[in-house]
Amino acid sequence: MNIGFIGFGNMAQAMTDGLLLTGAAKPQQIFVCAKHWDKLAANAKKRGVVPCRTAAETAEHAGLVVVAVKPYLVEEVLAPIGEALRGRIVICVAAGIGCSRLEELLPEGIHHLTVMPNTPVSVGEGVILCERQHTLTEEEFAVFRELFSKLGLVETLDASQFGIAGDLTGCGPAFTAMYLEALADGAVLYGLPRETAYRLAGQMIVGTGRLKLASGDHPGAMKDAVCSPGGLTIAGVASLERDGFRAAVIDALAAIQERKAR
Ligand SMILES: NC(=O)c1ccc[n+]([C@@H]2O[C@H](COP(=O)([O-])OP(=O)(O)OC[C@H]3O[C@@H](n4cnc5c(N)ncnc54)[C@H](OP(=O)(O)O)[C@@H]3O)[C@@H](O)[C@H]2O)c1
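Printed below as a string of C-alpha cells:
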C-alpha cells in the first residue's frame with residue numbers, strides 16, 4: 460500500500476525513516492507534501508521518496524494518508540481535500556486532534572484514526588499510541604496495525620489516558636537523553652572517553668527497556684537483581700534516593716500537567 464504524508468517535518472520524516480529502515484515500505488511507495496517546495500524536494504531526495512505539489516496529489520497516490528502538520532493547521536489543510544480522502548485510511552498525528560474533532564473536520568464517512576507516535580519511530584523503536592475511538596473498519600485497523608508495528612509498540616488507549624501517556628512517551632525521550640548524558644558525564648569524570656560513554660549508556664538503556672518488556676518483571680525486582688548486599692550498585696541507588704531521583708522524575712510529569720492546565 461502506498462503511504463502519503465501531508466506535512467513532511469520532524470515527525471513525518473521520523474516515521475518515513477522508520478518505514479524505510481525496517482523495510483515496511485519502499486521509497487517509491489511514499490508520497491509527501493509540505494508547504495515549502497525546495498525544502499520538501501531536498502528532504503524527499505535524501506530518502507528517495509516522492510514529493511508532491513499538493514495535499515490532494517498526495518492523497519490521490521496513497522491508500523493510507525498521514526496528516527502530520529501542526530495542530531493549528533489541520534483544519535486549513537483538511538478543508539479542501541476532505542473528499543479526496545474518501546476510501547483512504549486517514550491517520551492523524553496532530554496533538555490534541557482526536558476522533559471527535561476529526562468528525563467535525565472531515566466529511567461524513569471518512570475513515571480516520573488519531574495516533575501519537577514518538578521520535579524513536581525513526582529506528583523502529585517508537586511507541587505509537589492509538590485512540591480507542593476511531594472510524595476505521597476492522598480490516599483497515601489491522602492494516603494500520605501491521606504497518607505501524609514496524610515502527611514500534613502500538614498501544615490502544617481511551618481518549619482520557621491519551622494525554623498523560625503521550626507526555627510519558629513524547630517527553631520521556633528528552634528526560635532519558637538527559638539521564639544518558641549524565642551517566643556519560645559521570646563516566647567521563649573517571650576517565651572514559653565521551654563517545655564510548657554515550658555508546659555504552661545508550662545500549663544499556665535500550666537493553667534495560669528490552670529486558671523489562673521481555674521479562675515483565677517489576678522494575679523494583681530488576682533493580683534488586685543487580686544490587687548485591689553491601690555492593691556497589693546499592694551504594695549508587697542509595698545516593699540517587701538521597702538526591703530525590705524518583706521524585707524528580709515524577710515531578711517532571713506533574714510539571715507538564717500543570718503547564719497544560721494553565
Ligand atoms: N515532533 C514530535 O515529536 C511529535 C510527536 C507526536 C506528534 N507530533 C505531531 O506531528 C505534527 C507535526 O509536528 P512536527 O514536529 O513534524 O512539525 P514540523 O517539523 O513543523 O512539520 C510540519 C510540516 O507541516 C508542513 N506544512 C505546513 N503548512 C502546510 C500546508 N498548508 N500543507 C502541507 N504541509 C504543510 C510543513 O512544511 P514546511 O516545512 O515546508 O513549512 C512541515 O513539513 C504536529 O501536529 C505534532 O503535534 C509531533
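Note that the sequence shown ends on residue 721 in the numbering used here; no numbers are left out. No residue lacks a Cβ here, since even glycine has one placed at the ideal position from N, Cα and C.
Identity of the residues DSSP links to residue i by a beta bridge
{"i": "A614", "result": "Before going further, note that residue 614 is Glu rather than Ala in the sequence given. Note: E614 sits in a beta bridge opposite L588."}
{"i": "V525", "result": "F464 and I550"}
{"i": "M575", "result": "L588"}
{"i": "H677", "result": "DSSP, once it has assigned bridges, lists no residue as partnering H677."}
{"i": "H570", "result": "I548"}
heavy atom of ligand 1 below 7 Å from residue i C-beta
{"i": "M460", "result": "no"}
{"i": "M470", "result": "yes"}
{"i": "C492", "result": "yes"}
{"i": "F467", "result": "yes"}
{"i": "V528", "result": "yes"}
{"i": "M525", "result": "The residue asked about is misnamed: residue 525 is Val in this sequence, not Met. It does not: the Cβ of V525 is nowhere closer than 7 Å to a heavy atom of ligand 1."}
{"i": "A521", "result": "no"}
{"i": "P510", "result": "no"}
{"i": "H495", "result": "yes"}
{"i": "P576", "result": "yes"}
{"i": "L532", "result": "yes"}
{"i": "G629", "result": "yes"}
{"i": "V685", "result": "no"}
{"i": "A554", "result": "yes"}
{"i": "K498", "result": "yes"}
{"i": "E717", "result": "no"}
{"i": "E535", "result": "yes"}
{"i": "A538", "result": "no"}
{"i": "A514", "result": "yes"}
Cutoff 8 Å: residue i Cβ touching any chain D Cβ
{"i": "D644", "result": "In the structure shown, chain D does not exist; there is a single protein chain."}
*Mind listing, in chain order, the continuous beta strand (DSSP E) runs of no fewer than 3 residues lying wholly within the segment 466-513?*
Those beta strand (DSSP E) runs which fall completely within the segment 466-513 and span 3+ residues are 489-492.
*Pair every Cβ in the segment 569-586 with every Cβ in the segment 610-627, then say whether three or more of these pairs are closer than 8 Å.*
Flag = yes, the segment 569-586 and the segment 610-627 touch.
*Please confirm if the segment 468-483 is in contact with the segment 530-546, defined as three or more CB-CB distances below 8 Å between the two stretches.*
The segment 468-483, when compared against the segment 530-546, does not touch it at the 8 Å Cβ threshold.
*Mind the definition here: the segment 660-668 touches the segment 637-644 only if three or more C-beta pairs lie below 8 Å; say whether that holds.*
These segments touch.
*Is the segment 522-532 touching the segment 460-472 in the sense that three or more CB pairs, one from each, lie closer than 8 Å?*
Three or more beta-carbon pairs drawn from the segment 460-472 and the segment 522-532 are found closer than 8 Å, and the two stretches are therefore classed as touching.
*Taking contact to mean at least 3 C-beta pairs separated by less than 8 Å, is the segment 583-599 in contact with the segment 544-559?*
At 8 Å Cβ cutoff, the stretches touch.
_Closer than 8 Å is the cut-off here; do at least three beta carbon pairs connect the segment 582-597 with the segment 496-506?_
Here the segment 582-597 makes no contact with the segment 496-506; the two share fewer than three CB pairs at distances below 8 Å.
_Please give the ranges of any alpha helix (DSSP H) in the segment 597-656, keeping only runs that are unbroken, at least 4 residues long and fully inside the region._
You should have 597-607 and 618-648.
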